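Worksheet: the structure to be examined is printed underneath.
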Amino acid sequence: MLLYVIRRLLLAIPIAIGVTIVCFSLIHLAPGDPLSTVLPDNATPEVVAEIRAAYGFDKPLPIQYLVWLGNVASGDFGLSIQSRRPVLGDIIPAVKNTMILAFAAVLIGFPFGTILGAIAGYRQGSATDKVVTAISITGVSVPHYWLGIVLVVIFAVNMGVLPAMGMGPGGQSDFALNWAHLKHLLLPAITLSVIPAGIIARSVRATVADVRKKDFVSTLRAKGLSPSRVFLHVAKNAAPVVLAVCGLQFAQLLGGSILVETVFSWPGTGFLMNSAIFTRDLPVLQGTILVLSLFFVVINLLVDVLQTVFDPRIRRG
Amino acid sequence: MAGVAGLAMAASLPFSAAFADDEKVLRVGMTVADVPQTTGQANQGGEGTRFIGLTLYDALINWDLSKSEVPSVLRPGLATEWSVDDDTQTVWTFKLREGVKFHDGSDFTADAVVWNLEKLLNKESPQYDASQAAQASQWFGAIASYEKIDDMTVAITTKEPDATFPYQIAGIMYSSPAQWDKLGGDWGKFAQEPSGTGPFMLDRLVPRERAELVKNPNYWDPDRVPASDRVILMCMPDASTRVAALLSGQVDFIEAPSPDAVPRLKSSGMQIVTNVYPHIWPYQLSYQPDSPFLDLKVRKAANLAIDRESLSQFLGGLAVPAKGQVTEGHPWFGNPTFDITYDPEQALSLMQEAGYGPDKPLHIKLLISTSGSGQMQPLPMNEFIAENLTAVGFDVEFEVFEWEALRARRRAGAMAPENEGADGLNNSWAFWDPNIGILQAAASDMTPPRGFNWGGYSNPEIDELAKKAKVAFDPAEQDKLLGEIHTKMVDDAMWIWVVHDLNPRALGPNVKGFVQAQNWYQDLTPVYVDN
């Protein structure tokens, strides 16, 4: 087991490096000047060259990448082009805020998706199954952005019972566990939970239906086990797949959703990336993408390890 | 059950700010994605200066933003008077205002003015800040030198006689040297605890989220003492978020609601405030050797082909058809004879005279953006105009850019290799000062990077008038010359001018005191929420 974890850990390193190279290259290949927002309209070539050098953009890309990666490794994510503030100082609160939102979405979406999927899997082909399938497909297909706006129009604008944006009363971003803050969390969390709930419902349904067809389930039933005991066996066998899907969805949620966080002005990583894209703030964009990539790598690693705990065959495979 | 009732009651309470009951708070939804730079010279264009520059800081000469009926003019700021030396026409003397203090309590003096100019212009000075220098460079380009005459007098010498200098000096803001010293000479720390002389002081800054400003009780200008105790500026780049925030009572004042949201806002009792301002939504044309716009007939045809009235209706009435670079009635409008109107028949006939028509269309490539400051609704507007142009014999190809990428193309000029084959560029433009609006846009020696003549337009008569306007130190004489230049620009169909934005803002029903000046800048000091 330990050897397996070490092997997976070592494998994660080149993946993380690969992701950073791709992100770094893509950002730099985008059209336009990374410094255009801080340059005045009639900047002379001398001013442009001077500022470019001050920000280190005059060096060849591979050198810029290596310098950046080296700095990042020592905890220095650089300074924001826009504000000249340390990038990490912007990323840490954004990650915290996105985690709050992601956990809320998990609390809403995962049980909902799992229960719906399990019901549909147990009643495959029935009217209930069809209704659940329709709900989950709608959940997967509905555009986040649109759903967020619809919820805002209904609950914030028309009914006036929930706030339309922000993290707290008066725009505060220091989250607290009280109703004044929780009501700010509800609409974005519901919006964000819809897609993972739909995906989880679909996966759980397929897995449960598949497991129920296995010979051992028939045997268990033939042995006279109660339906609840049979369900426990089905659940245990379906768990690795469900876990993998939930893990990936959780990683997605931690990545934040640019659209949902922007619609609700939720100051998380998605909002941060959106504003960094708007203002062409490359150090902020690079830093945020790096942190999010590492989230994906780490969570994938955790899911892999947990899956092997549930199903040792994976490790042997 | 009681818990549920409690929740319902709590939910029905208004989303009031968590501030002292007696504090007058104004909450504003800005369109920017991050709080503009707070060190003095704000970034992010007009919006940065509007919300941070003019609230925390002052210039030697300020804009008078107190009137909505007439285009804004300059007025004394930190300088009570200024004059230019009759002989040299390059030495400007500024008499400074007595008794002005920075937010940290230190005095505003001639030393502070020199220190701030060093901050921008002298790379050897310890306070030199490349970031602020970059933002201010469009305002200090004319300055050759500066010196303290006495404690309350400063002389600034320009490189050449320049009657437009007061407009430029109005863009330079003054930060506190004492505060900078106190914070260890660190502009990063200064950004968190800035100190200017402005009507508001920064109380709290949450990056990418908001800035909270509080009233400066000791502000020097009695006409601009803030009516609100606290102004909260929130970053809301998404238009639908701003509208929802206003409708649900989370903010009191939003910038740039989208036109399709305006009927809903009005029906909910919101105030929609609009005004003409120095804005033009044009196509800047290429005058490079391969450009079809070298032909005056083609330029005039394009200007006559556009149905501006319908386009304005399409924009919910939030734009007015353009008759030239500046609005009719503006002191610089002049008397053009080319009447820019919708006349597709004449446009067609001009195209045929130029050798084109619907059966032999003229291919043009225009660079446009998906969004951007002042760009209004660029994609549907361009599609609308493409149909108009196609009807009279143009074959329009768009190359679409993200806003900053388009700005980079504009900054490069039509003559740059990357702009080869581009016949025009759709970049909204400001005419709040004569240099940006007229002189640097039209004079042949003002191609990028020196000025804003993107296409390389050349008209010797305009060049001659531009030289005179630059040294017309009498404002009336300068206005007259600018009017003559504008007349020639229009008669020569220099650009394709489309509409002037009415720059809508939506205010809650109880917001009082806002006067929308005919300017890119606005004054937040008289605005308050009347509870």
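Chains as they are written, first to last, in full-length UniProt numbering: chain A, 1 to 317; chain B, 1 to 531. Glycine included, C-beta positions come from ideal geometry on N, C-alpha and C. The structure presented is a predicted model; accordingly, all values stated were derived computationally and were not measured.
| Asked | Found |
| --- | --- |
| Contact set between B:Ser-248 and chain A, taken where Cβ atoms lie within less than 7 Å | Ala-156, Val-157, Gly-160, Pro-163 and Ala-164 |
| Per-residue contacts from B:Pro-237 into chain A (C-beta, under 8 Å) | Thr-262, Asn-274, Ser-275 and Phe-278 |
| Closest residue to A:Leu-35 among A:Arg-52, A:Gln-252 and A:Met-167 (Cα-Cα distance) | A:Arg-52 |
| Segments of 4+ residues assigned as alpha helix (DSSP H) that fall wholly inside the region 53 to 128 of chain A | 61 to 73 and 87 to 122 |
| Interfacial residues, the region 180 to 192 of chain B to chain A, with Cβ spacing under 8 Å | Trp-187, Gly-188 and Ala-191 |
| Contacting residues, own chain, Cβ-Cβ under 7 Å from B:Ser-268 (five flanking each side not counted) | Leu-247 |
| At least three beta-carbon pairs within less than 8 Å, the region 373 to 382 of chain B to the region 410 to 420 of chain B | no |
| Best match in B:Gln-518, B:Gly-508 and B:Val-32 for proximity to B:Val-25 [C-alpha to C-alpha] | B:Gly-508 |
| Interface residues of chain B facing A:Leu-39 [CB-CB closer than 8 Å] | Ala-134 and Arg-411 |
| Pairwise C-alpha distance: A:Ile-299 and A:Leu-248 | 7 Å |
| Under 9 Å (Cβ pairs) to chain A, residues found in the region 410 to 443 of chain B | Arg-410, Arg-411, Ile-436 and Gln-440 |
| 3 or more residues per run - each beta strand (DSSP E) lying fully within the region 392 to 435 of chain B | 394 to 401 |
| Contact set for A:Ser-293: own chain, Cβ-Cβ below 8 Å, skip 5 residues either direction | Ala-16, Val-19, Thr-20 and Cys-23 |
| B:Asn-519 at chain A interface by Cβ criterion, 8 Å | no |
| Minimum Cβ-Cβ distance from B:Phe-15 to chain A less than 8 Å | Note on B:Phe-15: pLDDT 39, under 50, position unreliable in the model; no value is reported. |
| Beta-carbon gap between B:Ile-169 and B:Ala-245 smaller than 8 Å | no |
| Contact check, B:Leu-366 vs B:Asp-423, beta carbons under 8 Å | yes |
| Cα-Cα separation, B:Val-262 to B:Ser-68 | 21 Å |
| Against chain B: residues of the region 50 to 72 of chain A by CB proximity under 8 Å | Glu-50, Ile-51 and Ala-54 |
| Complete runs of the alpha helix (DSSP H) confined to the region 226 to 251 of chain B [at least 4 residues] | 239 to 247 |
| Own chain residues within Cβ distance below 6 Å of A:Pro-196, not counting five before or after | Gly-109 and Gln-249 |
| Buried/exposed call for B:Ala-5, threshold 16 Cβ in 10 Å | Unreliable placement is indicated for B:Ala-5, whose pLDDT of 34 sits below 50; the coordinate value is still reported in the next sentence. The residue in question, B:Ala-5, is exposed, as its Cβ has fewer than 16 Cβ neighbours within 10 Å. |
| Where B:Met-351 falls: helix, strand or coil (DSSP) | helix |
| Straight-line Cα distance separating B:Ser-258 from B:Ala-211 | 24 Å |
| Contacts that B:Ser-195 makes with chain A (C-beta to C-beta distance below 7 Å) | Chain A residues near B:Ser-195: none, gap ~17 Å exceeds 7 Å. |
| Sequence ranges, beta strand (DSSP E) only - wholly within the region 297 to 324 of chain B, length at least 3 | 319 to 321 |
| Option in A:Ala-251, A:Phe-112, A:Ala-54 and A:Tyr-55 with minimal Cα separation from A:Val-297 | A:Ala-251 |
| Local conformation of B:Val-70 per DSSP, three classes | coil |
| For B:Thr-158, the residue or residues it bridges with in DSSP | B:Ile-143 |
| Partners in chain A for B:Asp-34, counting only beta-carbon separations shorter than 7 Å | Gln-82, Ser-83, Ser-275 and Thr-279 |
| Straight-line gap, B:Leu-233 to A:Phe-175 (C-alpha atoms, nearest Å) | 20 Å |
| Where B:Thr-164 meets chain A, residues with beta-carbon distance less than 9 Å | The premise fails here: B:Thr-164 is roughly 14 Å from chain A at the closest Cβ pair, so nothing lies under 9 Å. |
| Inter-residue Cα distance where the pair is B:Met-9 and A:Pro-111 | For B:Met-9, the predicted structure reports a pLDDT of 33, less than 50, and the residue's modelled location is therefore unreliable. The matter cannot be settled from this model. |
| Selection from A:Ile-100, A:Val-67 and A:Lys-59 that minimises the alpha carbon distance to A:Leu-186 | A:Ile-100 |
| Chain B contacts from the region 191 to 225 of chain A (Cβ-Cβ distance under 8 Å) | none |
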